[in-house]
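A.B. asks: One structure follows; several queries about it will come next.
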Amino acid sequence: MLAELVLKNRSYRRFYEKQSIDVEVLKDLVNLAGLSASRGNAQPLKYVLSANPEKNALIFPHLTWAALLKDWRGPEEGERPAAYIIVLGDTEISRSFECDLGIAAQTMLLGATEKGFGGCMIGSIAKDSLRESLNVASRYEILLVLALGKPKENVRLERIGSSGSTKYWRDEAGVHHVPKRYLEDIIIG
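Mapping of the sequence shown onto this note's numbering: position 188 corresponds to residue 441, and the numbering continues sequentially without gaps.
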């Protein structure tokens, strides 16, 4: 059921790094994105896949993790993603990617959730150095990185408190708390 997938599809930032993801699974996820809607049916997104530790090690240093967790610099060795999908915008096809990017990223994460994996959309990327590390041609705009793996953390949704803060946080047991607006808070009129 879609509602169950959406509830399981959280932003996971710690993984069982040794539990690999086959590159064929990544291709299946990209295929789902490719079958999804595209603005004007332009289909301007392209993808770089990584499912091996050597290539993953080239990608990891260019990512910034969980900006609201000020004392956390990202997952430690052994908790890093087992795979990545880097989403690119082909500027020779279009200069506008926002609509396609959101649809594709969510579709791939829901597909990963259905397969028993989890992930995190990472938009804070050192794009120039990542481009250089992976030799990505200049015609492609680096838009987003999906970090994927078998989740190693507990993410708990909770109602936004009286302060109105949407800032996520971790408790002393490492549980990741994510405040959410409820239905009656988001429907107007």
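In this text, a Cβ means the ideal position worked out from N, Cα and C, and glycines have one as well.
Leaving aside the five residues before and after leucine 322 along the sequence, list all residues of the same chain whose C-beta is less than 7 Å from its C-beta, in chain order.
C.D. replies: Arg423
A.B. asks: Taking the alpha-carbon of glutamate 406 as reference, which of Asn309, Thr360, Ile413 and Glu425 has the nearest alpha-carbon?
C.D. replies: Glu425
A.B. asks: At which residues does the beta strand (DSSP E) containing aspartate 424 begin and terminate?
C.D. replies: Unbroken run through aspartate 424: none, as it is neither H nor E.
A.B. asks: Secondary structure at serine 303, three-state DSSP: helix, strand or coil?
C.D. replies: strand
A.B. asks: Could you work out which residue in Ile338, Glu367 and Ile346 is closest to alanine 357 when comparing CA atoms only?
C.D. replies: Selected option, being the one with the closest Cα: Ile338.
A.B. asks: Hey, could you find the ends of the alpha helix (DSSP H) alanine 336 is sitting in?
C.D. replies: Where alanine 336 is concerned, there is no enclosing alpha helix (DSSP H), although the beta strand (DSSP E) it sits in stretches over 336-343.
A.B. asks: Where in the region 373-412 do unbroken runs of the alpha helix (DSSP H), each at least 4 residues long, occur, reported from the N-terminal end onward?
C.D. replies: 380-387
A.B. asks: Do you know how far the Cα of alanine 390 is from the Cα of serine 291?
C.D. replies: 23 Å
A.B. asks: Taking DSSP's pairing of strands, which residues face leucine 298 in a bridge?
C.D. replies: Leucine 298 pairs with Gly342.
A.B. asks: Can at least three beta-carbon pairs, one atom from the region 287-307 and one from the region 369-382, be found at a separation below 8 Å?
C.D. replies: Contact between the region 287-307 and the region 369-382 is absent, because fewer than three Cβ pairs lie under 8 Å.
A.B. asks: Given a threshold of 16 other Cβ atoms within 10 Å of its Cβ, counted over all protein chains shown, does aspartate 455 qualify as buried or as exposed?
C.D. replies: Since the first residue of the chain shown is 254 and the last is 442, residue 455 is not available in this structure.
A.B. asks: Kindly indicate which residue of Arg267, Leu302 and Phe350 has the alpha-carbon position closest to the one of glycine 372.
C.D. replies: Arg267
A.B. asks: Based on DSSP bridge pairs, tell me the residues matched to histidine 429.
C.D. replies: Val408 and Arg423
A.B. asks: In chain order, what residues of the same chain lie with their CB nearer than 7 Å to the CB of phenylalanine 370, ignoring the 5 residues before and after it?
C.D. replies: If we look at phenylalanine 370 and ignore the five residues flanking it on each side, its Cβ neighbours are Ile274, Leu401, Gly402 and Lys403.
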